[in-house]
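Protein chains in written order, with my numbering: chain A, 1 to 387; chain B, 388 to 677.
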Amino acid sequence: MTKRTIAKPGFTAVLLTGMLATALSAQQPIKIGVIQPLTGAFAASGTYVTNGARIAADEINAQGGVLGRKIELVVEDNKSNPTEAAAVAEKLIVRDKVPVLMGAWGSSLTLAAMPKLMEYQIPMLVETSSSDKITTIGNPFVFRISPPSSVEAIGFAKVIDQLKIAKADFLVVSNDWGLGTADQFGKMFKAHNITVGLVETMAQNAQDMSAQLSKIKGSDADTLIVTTAVEQLTLIFKQAAALGLKRRIITTGGSQVPDQLIEQAGGAANGSSHIAFFAPWNPELSADPARARGFIAEWKKRGYPFAGLTESFRGYDGIRTIAAAITKAGKPEAGAIREAFWNVELTGLGGKIKFAKVGPAGKESGQSVCNVYLVRIENGRVVVPKG
Amino acid sequence: MDQLLQHLVNATVLGGTYALLGIGLTLIFGIMRVVNFTHGELYAFGAYAVYWLVAAAGVNFFLALPIAIAAGLVLGALVEVVLLRPMRGADIDTTMLVMIGAWIVMQNSEMIVWGGVAKSIPTPFPETPLVVSSISVAWLRLFALGIALLLIGGTYALINHTKLGTAMRATFQDRDTAALMGVNIRAIHTTTFAIGSGLAAAAGALLGPVFLVEPTMGDLASLKAFAIVILGGLGNVTGATIGGFVLALVEEMGAGYISSGYRDAMGFLIIIVVLLIRPTGLFARAERVG
Numbered sequence: 001m002t003k004r005t006i007a008k009p010g011f012t013a014v015l016l017t018g019m020l021a022t023a024l025s026a027q028q029p030i031k032i033g034v035i036q037p038l039t040g041a042f043a044a045s046g047t048y049v050t051n052g053a054r055i056a057a058d059e060i061n062a063q064g065g066v067l068g069r070k071i072e073l074v075v076e077d078n079k080s081n082p083t084e085a086a087a088v089a090e091k092l093i094v095r096d097k098v099p100v101l102m103g104a105w106g107s108s109l110t111l112a113a114m115p116k117l118m119e120y121q122i123p124m125l126v127e128t129s130s131s132d133k134i135t136t137i138g139n140p141f142v143f144r145i146s147p148p149s150s151v152e153a154i155g156f157a158k159v160i161d162q163l164k165i166a167k168a169d170f171l172v173v174s175n176d177w178g179l180g181t182a183d184q185f186g187k188m189f190k191a192h193n194i195t196v197g198l199v200e201t202m203a204q205n206a207q208d209m210s211a212q213l214s215k216i217k218g219s220d221a222d223t224l225i226v227t228t229a230v231e232q233l234t235l236i237f238k239q240a241a242a243l244g245l246k247r248r249i250i251t252t253g254g255s256q257v258p259d260q261l262i263e264q265a266g267g268a269a270n271g272s273s274h275i276a277f278f279a280p281w282n283p284e285l286s287a288d289p290a291r292a293r294g295f296i297a298e299w300k301k302r303g304y305p306f307a308g309l310t311e312s313f314r315g316y317d318g319i320r321t322i323a324a325a326i327t328k329a330g331k332p333e334a335g336a337i338r339e340a341f342w343n344v345e346l347t348g349l350g351g352k353i354k355f356a357k358v359g360p361a362g363k364e365s366g367q368s369v370c371n372v373y374l375v376r377i378e379n380g381r382v383v384v385p386k387g
Numbered sequence: 388m389d390q391l392l393q394h395l396v397n398a399t400v401l402g403g404t405y406a407l408l409g410i411g412l413t414l415i416f417g418i419m420r421v422v423n424f425t426h427g428e429l430y431a432f433g434a435y436a437v438y439w440l441v442a443a444a445g446v447n448f449f450l451a452l453p454i455a456i457a458a459g460l461v462l463g464a465l466v467e468v469v470l471l472r473p474m475r476g477a478d479i480d481t482t483m484l485v486m487i488g489a490w491i492v493m494q495n496s497e498m499i500v501w502g503g504v505a506k507s508i509p510t511p512f513p514e515t516p517l518v519v520s521s522i523s524v525a526w527l528r529l530f531a532l533g534i535a536l537l538l539i540g541g542t543y544a545l546i547n548h549t550k551l552g553t554a555m556r557a558t559f560q561d562r563d564t565a566a567l568m569g570v571n572i573r574a575i576h577t578t579t580f581a582i583g584s585g586l587a588a589a590a591g592a593l594l595g596p597v598f599l600v601e602p603t604m605g606d607l608a609s610l611k612a613f614a615i616v617i618l619g620g621l622g623n624v625t626g627a628t629i630g631g632f633v634l635a636l637v638e639e640m641g642a643g644y645i646s647s648g649y650r651d652a653m654g655f656l657i658i659i660v661v662l663l664i665r666p667t668g669l670f671a672r673a674e675r676v677g
């Protein structure tokens with residue numbers, strides 16, 4: 001009797017604590033780690049991607065969240081610096097205990113964070129990086145929705161005959177992204193009998209590219225392929241104009257933010273072409289026009305610059321893909337989410353998202369394909385080709 | 388040949404602002420024995436001041452420049468009075484730590500106030516460059532060079548032909564004797580730091596419109612300024628001027644004829660060579676000791 005009277009409240013307490021814990025965890029949001037460059041050389045792009053991600057998260061939460069719980073983005077700044085990218089990846093995994101990550105914008109930043117994924121067995125959705133290395137070095141925790149440089153080169157090859165390029169020079173940022181692009185585009189050009197001339201590089205924080213452009217001015221190529229983010233592109237267009245460099249300029253990588261270029265580089269950007277992955281100037285071209293229109297409207301409503309849309313859709317698509325994976329996994333656990341990524345199928349703003357296996361057998365990474373557009377800047381306006 | 392001339396023109400245009408950056412830093416080190424880590428932030432401050440005046444307040448570009456430089460002078464004086472004056476007599480390591488702290492605080496303040504996204508300063512100069520045969524140069528950069536040379540000349544005149552300059556030089560040579568001769572060392576220190584900071588702000592105000600304005604822009608500028616000062620000899624104004632032009636020339640030629648990927652490394656390569664041959668810098672004078 002005495003035994004029972006003591007045991008009863010004890011048992012109830014345990015039961016209550018258990019119920020309370022379950023109730024609490026059901027209310028606690030599911031954390032998603034986001035690593036982006038919010039300061040430093042790539043600050044503009046990283047900020048746009050993060051804002052796009054926030055819109056996706058708010059939209060998902062407004063519709064009831066994932067698995068009956070809200071999602072919460074834990075955003076960390078990698079300062080455009082690979083060392084920081086690895087450090088914040090570890091912080092998000094160890095301290096915030098996130099079961100899945102999105103990041104880290106630049107290829108060198110993503111590559112620096114990748115060993116942490118292996119170490120802690122946490123999957124990461126790569127939304128922007130384009131170095132082929134990311135999905136070919138054998139990291140089975142990586143799932144990428146942005147096109148690698150080789151895929152971008154294949155997409156570009158479709159329009160290359162119309163451009164009638166005889167010889168092209170390269171000016172690329174000296175990191176995995178830029179050097180990878182020069183390599184992949186160079187191969188594709190050679191296959192199309194286009195001569196590759198100079199391959200000039202610039203540090204990612206360099207502001208004066210006059211020396212490289214002066215050298216390029218002395219070359220007999222008809223086209224200049226430039227790979228870097230909008231900040232450096234702005235300077236390159238201004239400096240090329242100041243040097244009287246009259247040449248067709250084509251930029252790659254989808255991080256050109258053409259409207260910001262027009263605003264900051266002015267007339268210097270006229271006549272240039274840009275490889276983009278989302279065309280907000282004509283949302284009807286998107287894989288999901290209705291959603292694209294909704295996203296653009298929400299972006300404007302929040303007071304963000306229209307220019308940022310070519311970058312922010314990546315964050316939006318990325319978070320939606322992660323949410324779809326968590327739903328498929330049925331629980332917010334790293335291992336289950338990683339498995340679920342392989343079964344995710346959804347229509348993003350940038351194209352249909354479905355991961356195919358690439359890289360060494362047994363350690364494959366996931367790679368999805370994305371739309372590729374070649375847009376032009378004419379008289380201070382962006383012109384999108386139809387279809 | 389055309390390409391070589393173009394490289395030389397580019398180097399000259401860049402060298403003027405490099406020299407301006409170097410002079411400011413070398414003055415402060417020479418006279419105060421303070422390694423000024425906030426130099427790059429004063430540079431960024433000058434650029435942001437012009438941006439704010441022109442883009443937000445709608446002030447005329449040519450009027451914004453002197454206002455930004457004056458604001459740099461005031462900010463420099465403030466840093467000296469608040470942070471460095473209480474540290475007088477402390478060893479160089481302690482002041483260095485204080486200045487590193489100030490650098491971090493200033494850079495993060497810029498980030499909070501302006502955000503991380505780069506800004507572009509509109510200017511009244513035409514987009515079409517000045518073209519002479521096959522050499523082109525932007526009007527804005529020519530203007531920046533002109534103003535830089537004017538400021539360098541002004542600093543020279545101030546140091547060599549004014550009473551204040553004489554007092555500054557006396558403090559540089561021997562602080563204690565100068566004090567005994569009636570030089571107000573406190574005022575000299577504040578003035579020197581203000582002038583050095585004003586020159587950094589001027590470099591930022593001139594280069595901000597040429598490049599883009601962003602919170603970390605001071606880091607690279609600071610690094611270059613240190614390189615120039617080491618090249619020219621610590622505390623040597625003539626050395627810093629020549630050092631500025633030498634660094635620009637080496638970077639430009641290195642990028643043009645050797646490898647553009649190593650552009651920023653070229654300057655440091657030259658520093659290693661100079662330090663091996665002349666450890667006190669190219670133009671260092673013998674310093675009086677004691």
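Idealized CB from N, CA, C, for every residue including glycine.
Based on Cα-Cα distance, which residue from the options lies nearest to residue i?
i: Val126 of chain A; options: A:Glu119, A:Gly366, A:Asn379; result: A:Gly366
i: Ala191 of chain A; options: A:Ser174, A:Thr227, A:Gly178, A:Ala153; result: A:Ala153
i: Val492 of chain B; options: B:Phe670, B:Ile657, B:Leu470; result: B:Leu470
i: Ile629 of chain B; options: B:Glu639, B:Gly622, B:Leu618; result: B:Leu618
i: Gln184 of chain A; options: A:Arg54, A:Asn175, A:Ser149; result: A:Ser149
i: Ile30 of chain A; options: A:Asn81, A:Thr327, A:Ala242, A:Arg291; result: A:Thr327
i: Ile93 of chain A; options: A:Leu109, A:Thr110, A:Val74; result: A:Val74
i: Ala53 of chain A; options: A:Phe42, A:Ile35, A:Ala43, A:Gly40; result: A:Ile35
i: Gln42 of chain A; options: A:Thr228, A:Leu309, A:His274, A:Gly244; result: First, the residue type needs correcting, since residue 42 of chain A is Phe and not Gln in the sequence shown. Answer by Cα proximity: A:Thr228.
i: Ile659 of chain B; options: B:Ala642, B:Ala557, B:Ala614; result: B:Ala614
i: Ile249 of chain A; options: A:Ala242, A:Leu224, A:Asn270; result: A:Leu224
i: Pro147 of chain A; options: A:Asn81, A:Val159, A:Ser131, A:Asn139; result: A:Ser131
i: Asn270 of chain A; options: A:Ala329, A:Ser45, A:Ala276, A:Leu261; result: A:Leu261
i: Phe313 of chain A; options: A:Ile216, A:Phe278, A:Lys158; result: A:Phe278
i: Leu529 of chain B; options: B:Val597, B:Val468, B:Met568, B:Ile575; result: B:Val597
Can you tell me whether residue i is helix, strand or coil according to DSSP?
i: Gly33 of chain A; result: strand
i: Asp96 of chain A; result: coil
i: Tyr304 of chain A; result: coil
i: Glu417 of chain A; result: For residue 417 of chain A there is no data in the structure shown, the boundaries of chain A being 1 and 387.
i: Lys611 of chain B; result: helix
i: Leu636 of chain B; result: helix
i: Val204 of chain A; result: According to the sequence displayed, residue 204 of chain A carries Gln and not Val. The answer is coil: DSSP assigns Gln204 of chain A none of H, G, I, E or B.
i: Lys70 of chain A; result: coil
i: Arg4 of chain A; result: With a pLDDT of 49 at Arg4 of chain A, under the threshold of 50, the modelled position of that residue is not reliable, and no figure is offered here.
i: Val400 of chain B; result: helix
i: Thr413 of chain B; result: helix
i: Gly677 of chain B; result: Any reading at Gly677 of chain B needs caution, since the residue's pLDDT is 33, under 50, leaving its predicted position unreliable; the model's value is listed next. Reduced to three states, the DSSP call for Gly677 of chain B is coil.
Counting only beta-carbon atoms, is residue i nearer than 7 Å to chain A?
i: Thr603 of chain B; result: yes
i: Gly643 of chain B; result: yes
i: Phe598 of chain B; result: yes
i: Ser523 of chain B; result: yes
i: Leu529 of chain B; result: no
i: Gly533 of chain B; result: no
Any beta carbon from chain B within less than 7 Å of residue i's own beta carbon?
i: Lys215 of chain A; result: yes
i: Thr449 of chain A; result: Nothing about residue 449 of chain A can be read from this structure; chain A reaches only from 1 to 387.
i: Gly244 of chain A; result: yes
i: Gln207 of chain A; result: yes
i: Thr128 of chain A; result: no
i: Glu311 of chain A; result: no
i: Glu378 of chain A; result: no
i: Ile6 of chain A; result: Only weak support exists for where Ile6 of chain A lies, its pLDDT of 47 falling under 50; the value from the coordinates is given anyway. No - not a single Cβ of chain B is within 7 Å of the one on Ile6 of chain A.
i: Leu233 of chain A; result: no
Determine which residues share a DSSP beta bridge with residue i and list them.
i: Val524 of chain B; result: B:Leu517
i: Met124 of chain A; result: A:Leu101, A:Val142
i: Phe170 of chain A; result: A:Val199, A:Ile225
i: Ile275 of chain A; result: A:Leu374
- Message: Does the stretch 640 to 657 of chain B come into contact with the stretch 200 to 214 of chain A, if we say contact requires no fewer than three beta-carbon pairs (one atom in each stretch) closer than 8 Å?
- Response: With the cut-off at 8 Å, the stretch 640 to 657 of chain B and the stretch 200 to 214 of chain A touch.
- Evaluate contact between the stretch 102 to 115 of chain A and the stretch 331 to 349 of chain A, counting only Cβ atoms and requiring at least three cross-stretch pairs below 8 Å. Note that the stretch 102 to 115 of chain A does not touch the stretch 331 to 349 of chain A; fewer than 3 beta-carbon pairs, one per stretch, sit closer than 8 Å.
- Task: Mind the definition here: the stretch 231 to 244 of chain A touches the stretch 478 to 489 of chain B only if three or more C-beta pairs lie below 8 Å; say whether that holds.
- Result: The answer is no - the stretch 478 to 489 of chain B does not touch the stretch 231 to 244 of chain A, with fewer than three Cβ pairs under 8 Å.
- Message: Could you check whether the stretch 64 to 73 of chain A touches the stretch 283 to 300 of chain A, counting it as contact only if at least three pairs of C-beta atoms, one from each stretch, sit closer than 8 Å?
- Response: As far as the Cβ criterion goes, the stretch 64 to 73 of chain A does not touch the stretch 283 to 300 of chain A, which means the pair count is below three.
- Task: Using a Cβ-Cβ cut-off of less than 7 Å, list which residues of the stretch 264 to 294 of chain A approach chain D; keep chain order.
- Result: You won't find chain D in this structure, because its protein chains are A and B.
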